[in-house]
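A.B. asks: Supplied in structure tokens, the structure appears directly below.
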Amino acid sequence: MIDGNRNSDKICLNCLACVEVCPEKLLPNYLYAMARKKAIDQLVDSCLMECSECGNCSRICTSELPLKEVFQEMKALIADLS
Ligand code: SF4
Ligand code: SF4
Numbered sequence: 207m208i209d210g211n212r213n214s215d216k217i218c219l220n221c222l223a224c225v226e227v228c229p230e231k232l233l234p235n236y237l238y239a240m241a242r243k244k245a246i247d248q249l250v251d252s253c254l255m256e257c258s259e260c261g262n263c264s265r266i267c268t269s270e271l272p273l274k275e276v277f278q279e280m281k282a283l284i285a286d287l288s
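Residue 284 in the numbering used here is what sits at position 78 of the sequence shown, and the numbering runs on without skipping anything.
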């Protein structure tokens with residue numbers, strides 16, 4: 207399992223850089239917060255499954271959070287549940 211706390215000293219700074227670069231017009235910062243809580247319903251409602259796993263958000267993240275990796279893990283979990 208990917209450890210979303212890998213950068214445990216790092217937190218989202220709400221800089222919104224990830225939002226600017228998401229080609230799917232998702233909100234990676236919000237999705238990451240919901241993923242950390244394993245909030246499945248909110249992730250589905252916020253279109254996590256439309257994440258193309260391009261990695262733009264991870265590459266630009268000011269806090270170097272493992273966004274794409276966490277999204278991949280949560281997508282797999284949701285797919286298993288459906
Ligand atoms: S990995 Fe997903 S959430 Fe991140 S920028 Fe790409 S499509 Fe958006
Ligand atoms: S780029 Fe990283 S630090 Fe900035 S809002 Fe997105 S998740 Fe938070």
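Using N, Cα and C, we set each Cβ at its ideal position, and we do this for glycine too.
All of these numbers come straight from a predicted model, not from anything done at the bench.
DSSP three-state call for K274: helix, strand or coil?
C.D. replies: In this structure, K274 counts as helix in the three-state DSSP scheme.
A.B. asks: Provide the residue span of the alpha helix (DSSP H) that contains D215, from first to last.
C.D. replies: Segment: none, D215 is in no alpha helix (DSSP H) and carries neither H nor E.
A.B. asks: Indicate the three-state DSSP secondary structure (helix, strand or coil) for D251 in the structure shown.
C.D. replies: Helix, per DSSP.
A.B. asks: Ligand 2 heavy atoms versus the CB of A239: any closer than 6 Å?
C.D. replies: No, ligand 2 has no heavy atom inside 6 Å of this Cβ.
A.B. asks: Confirm the yes/no value for this check: CB of E275, any heavy atom of ligand 1, distance under 6 Å.
C.D. replies: It does not: the Cβ of E275 is nowhere closer than 6 Å to a heavy atom of ligand 1.
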